[in-house]
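Novice:
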Amino acid sequence: MQFTRKGLKTEGFAGFRPIRSLETMRIPQGTGLFTVVAPEDFQARFLTKSTAAIFKKKDPSLSAAALAAEWVDGAVVLYVGKAGPGSKGNRGLRRQIQEFVDFGQGKPPGHWDGRLIWQLADAGSLTIAWKELPAGQLAGAEAGCHAAFVEEFGRLPFANLVQARNKARA
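Counted the way the working numbering counts, the sequence shown spans residues -14 to 155.
1. By DSSP, does Leu123 sit in helix, in strand, or in coil?
2. Assess, as a yes-or-no matter, whether the stretch 27 to 44 is touched by the stretch 90 to 105 under the definition of 3 or more beta carbon pairs within less than 8 Å.
3. Based on Cα-Cα distance, which residue from Ser6, Gly(-8) and Arg(-10) lies nearest to Val86?
4. Taking all protein chains shown into account, decide if Thr(-5) is buried (16 or more other Cβ within 10 angstroms of its Cβ) or exposed.
5. Applying the 10 Å Cβ sphere with the 16-neighbour rule, what's the burial state of Arg30?
6. For Ala132, which residues in the same chain have their Cβ closer than 8 Å to its Cβ, ignoring the five residues on either side in sequence?
7. What distance in whole Å lies between the Cβ atoms of Leu101 and Phe138, which are believed to be in contact at a cut-off of 8 Å?
8. Given that a residue counts as buried once 16 or more other Cβ atoms are within 10 Å of its Cβ, and exposed if not, what is Ala128?
9. Would the stretch 66 to 85 count as touching the stretch 47 to 58 if we require 3 or more Cβ pairs under 8 Å?
10. Quick check on Gly95: does DSSP put it in helix, strand or coil?
11. Can you round the beta-carbon distance between Thr112 and Phe1 to whole angstroms, since I take them to be within the 8 Å contact cut?
12. I need the straight-line Cα distance from Gln122 to Ala106, nearest angstrom please.
13. Using C-beta distances below 8 Å, list every residue in its chain close to Gln14, excluding the 5 sequence neighbours before and after it, in chain order.
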């Protein structure tokens, strides 16, 4: 897999909508993967304090040094996440991405995956892309994306702090 806009499109990712003008109703409701992609001319500048909400009484902000240590030079994919059906079957891409964006706008989250995105200056210029997949394929697809990224760049994407594992094979 190539971790470029073109490579993601070849893999079936769609959308590529800037966060600042994201229209949630245009995001499919089904399960799948989503990515946060930097525009071509994006320069990493870190905010002192994250725009994201406090989670379980923990501030999501990291020091500039910690953020710089996570930054992956040359990578346009900054985060790869999954959107499963949830325990009641009412989740999916639309709800997961909306909650992700809401979290960055200071609304209380249900989780704080991808939180480093919200400490980037001009996070609104980043784009969200998605790929619908059946729920049964999500764990393997996410783990495969993470493994392929690590193979290419030697580390996980900037805002992925934990590598996904394919639980079916564990």
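Don't be surprised by glycine CBs; every beta carbon is placed ideally from N, CA and C.
Specialist: On the basis of the coordinates in this document:
1. helix
2. yes
3. Ser6
4. exposed
5. exposed
6. Gln148
7. Actually they are not in contact, since the Cβ atoms of Phe138 and Leu101 sit about 16 Å apart, beyond 8 Å.
8. buried
9. no
10. coil
11. 5 Å
12. 34 Å
13. Gly77, Leu78, Arg79 and Arg80
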